[in-house]
Amino acid sequence: MLRLWNTATRRKEPFTPIKKNTVGLYTCGPTVYHFAHIGNIRSFLFSDVLRRTLELEGYRVKQVINITDVGHLEVGADIGEEKIEVAARRERKTVWQIADFYTKSFLADLKAVNIKRPTATPRATKYIREQIALVRELEKKGFTYRTSDGIYFDTAKFPQYGGFAGVRIAGQEAGARVEIGEKLNPTDFALWKFSPRGRKREMEWKSPWGVGFPGWHLECSAMSRALLGQPFDIHTGGADLAFPHHTNEIAQSSAAYGKPLAHVWLHSEFVVLPGGAKMAKSERNFTTIGDLIRWGHDPLAYRYLVLNSHYRSPLTFSDEALNTAEQTLVGLRGALRDWPKPAGRPLSGYADRFLQALEDDLNIPQALAVMWEMIKSNDSPARKGATLLWMDRLLGLDLIKIVGRPFKIPPKIQKMLAAREKARVAKNFAAADEIRRKIEEAGYLIEDTPTGPRIRSV
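Take any residue in the sequence shown, count from 1 to its spot, add 1231: that is its number in the numbering used here.
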């Protein structure tokens, strides 16, 4: 049975769906004001592995990944300019053009690392009516108040507030480290923001409280309820979303409708740099999937790198780590290519242990250890190939494309081969040997023949 670490209860629990054989899965998506970086993408790789595990267990999964295209302000999500407006001014485009461009970029990134297309990718701007309805419900039940800049949720009226992330309202002094303004409590958050007087925003809507736009936290509650119902099974996101975003989702949804938003909450950890700093746009220390592709890397090498760390542990990203992952992926493909055509059923002993690792809170590193043990075993290569393809239904490395296809040399290695040949013709053998060494470090072997060099994966 699948067991998952539930942030809400802080323990590992057996997973039982609300409806038999069906799972509703919601993953907090990006604010589309810039390219997603690989730290962001890790969160979606994690939810993809979760979805694949559930499907491997026989469930039909309805997955929603939202697109935040309005409402996310620069400071604490409630203060300052909207991030998409800032991007529009920077790039001299409309906010609609910015949102559309970066949404397409995000979906292309998901495809590049072989993340399954979600069942739905709703945009916040398409669910304004549902968000207004949620605020009206909260207002009717006495959880809101008005300030000069918007309608806010009064967290003091929701006794359970903060329990999810261990936050105490009474312990936070107004003004101490939190910009409170007209808020009654530091933890109160905007449900509906008013458009500034004398200025028409590109994104604004009429509401019972005045022209404006929804607060950032509102959209996920409204869209998940509309598409999955309330409660639904599993809500995922990055660790930084536990507070305040998910805490606020829980508060407003529970206060409005008197029942939980989701049964299970899962959070993936950050991608960090070798010195321990978190990868973040605000620190300008980030790398994108597009960067990896431009630098000649296979984006699936990043997927393999992510699979090597448990989702609840930080992942250290470096050039060395990525190169090692890429070499390993080349070797994995080479093994499958060198074996006879996959045939027969998966080797049950390895398949069972692989699944057991997944069922233990998605322990992919342990599952990979089982995979490599199988690859190195003395079992039938055809059966090993069948087992590897079965395992790849979860790993998502697209190994099925290797079977029966000719060996393809990556462009980066082709350039290195050409440079080595040029050095050999010029009788610069030291340079040629150095390039050969780098090619072999990348996971390829060169054999010099009378008709020219031949290359194969290790």
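Note that CB positions come from ideal geometry on N, CA and C, so glycine has one too.
Quick check: the Cα distance between residue i and residue j, rounded to an integer number of angstroms?
i: residue 1449; j: residue 1512; result: 23 Å
i: residue 1669; j: residue 1554; result: 11 Å
i: residue 1350; j: residue 1374; result: 33 Å
i: residue 1673; j: residue 1274; result: 27 Å
i: residue 1464; j: residue 1256; result: 6 Å
i: residue 1239; j: residue 1498; result: 10 Å
i: residue 1505; j: residue 1548; result: 7 Å
i: residue 1684; j: residue 1564; result: 21 Å
i: residue 1332; j: residue 1432; result: 19 Å
i: residue 1243; j: residue 1556; result: 29 Å
i: residue 1250; j: residue 1470; result: 27 Å
i: residue 1299; j: residue 1540; result: 28 Å
i: residue 1574; j: residue 1618; result: 9 Å
i: residue 1544; j: residue 1484; result: 29 Å
i: residue 1359; j: residue 1301; result: 10 Å
i: residue 1324; j: residue 1335; result: 16 Å
i: residue 1567; j: residue 1608; result: 14 Å
i: residue 1659; j: residue 1686; result: 20 Å
i: residue 1258; j: residue 1237; result: 15 Å
i: residue 1443; j: residue 1434; result: 8 Å
i: residue 1518; j: residue 1645; result: 24 Å
i: residue 1676; j: residue 1640; result: 12 Å
i: residue 1671; j: residue 1665; result: 10 Å
i: residue 1321; j: residue 1438; result: 29 Å
i: residue 1376; j: residue 1366; result: 11 Å
i: residue 1452; j: residue 1480; result: 6 Å
i: residue 1667; j: residue 1529; result: 20 Å
i: residue 1466; j: residue 1572; result: 40 Å
Please say whether residue j and residue i have beta carbons closer to each other than 9 Å?
i: residue 1267; j: residue 1524; result: no
i: residue 1232; j: residue 1245; result: yes
i: residue 1436; j: residue 1381; result: no
i: residue 1634; j: residue 1625; result: no
i: residue 1663; j: residue 1654; result: yes
i: residue 1370; j: residue 1488; result: no
i: residue 1356; j: residue 1319; result: no
i: residue 1312; j: residue 1326; result: no
i: residue 1314; j: residue 1392; result: no
i: residue 1537; j: residue 1277; result: yes
i: residue 1612; j: residue 1570; result: yes
i: residue 1592; j: residue 1234; result: yes
i: residue 1269; j: residue 1533; result: yes
i: residue 1378; j: residue 1429; result: no
i: residue 1446; j: residue 1424; result: yes
i: residue 1578; j: residue 1550; result: no
i: residue 1262; j: residue 1590; result: no
i: residue 1253; j: residue 1280; result: no
i: residue 1546; j: residue 1585; result: no
Indicate the three-state DSSP secondary structure (helix, strand or coil) for residue i in the structure shown.
i: residue 1468; result: strand
i: residue 1578; result: coil
i: residue 1474; result: helix
i: residue 1593; result: coil
i: residue 1405; result: Here the model assigns residue 1405 a pLDDT of 43, short of 50, so the residue's position is not dependable and the matter cannot be decided.
i: residue 1702; result: Because the chain spans 1232 through 1689 in this model, residue 1702 falls outside it and cannot be assessed.
i: residue 1682; result: Confidence in residue 1682 is poor, its pLDDT being 47 and thus under 50, which makes the residue's placement unreliable; the coordinate value appears in the next sentence. In the structure shown, residue 1682 sits in coil (DSSP, three-state: anything other than H, G, I, E or B).
i: residue 1642; result: helix
i: residue 1254; result: strand
i: residue 1337; result: helix
i: residue 1599; result: helix
i: residue 1314; result: helix
i: residue 1381; result: strand
i: residue 1612; result: helix
i: residue 1412; result: coil
i: residue 1441; result: coil
i: residue 1345; result: coil
i: residue 1418; result: coil
i: residue 1272; result: helix
i: residue 1633; result: coil
i: residue 1660; result: helix
Which whole-angstrom value describes the C-beta separation of residue i and residue j, a residue pair presumed to lie in contact below a C-beta threshold of 8 Å?
i: residue 1396; j: residue 1474; result: 4 Å
i: residue 1390; j: residue 1295; result: Their Cβ separation, rounded to whole angstroms, is 29 Å, which puts residue 1390 and residue 1295 out of contact at 8 Å.
i: residue 1560; j: residue 1628; result: 7 Å
i: residue 1386; j: residue 1482; result: 7 Å
i: residue 1457; j: residue 1361; result: 5 Å
i: residue 1527; j: residue 1643; result: 3 Å
i: residue 1588; j: residue 1598; result: 4 Å
Opposite residue i in the DSSP bridges: which residues?
i: residue 1262; result: 1299
i: residue 1499; result: 1469
i: residue 1649; result: Per DSSP, none; premise fails for residue 1649.
i: residue 1351; result: 1295
i: residue 1424; result: 1381, 1444
i: residue 1245; result: 1234
Please tell me whether residue i has its Cβ less than 9 Å away from any Cβ of chain D.
i: residue 1477; result: Absence of chain D from the displayed structure is noted, only one protein chain being present.
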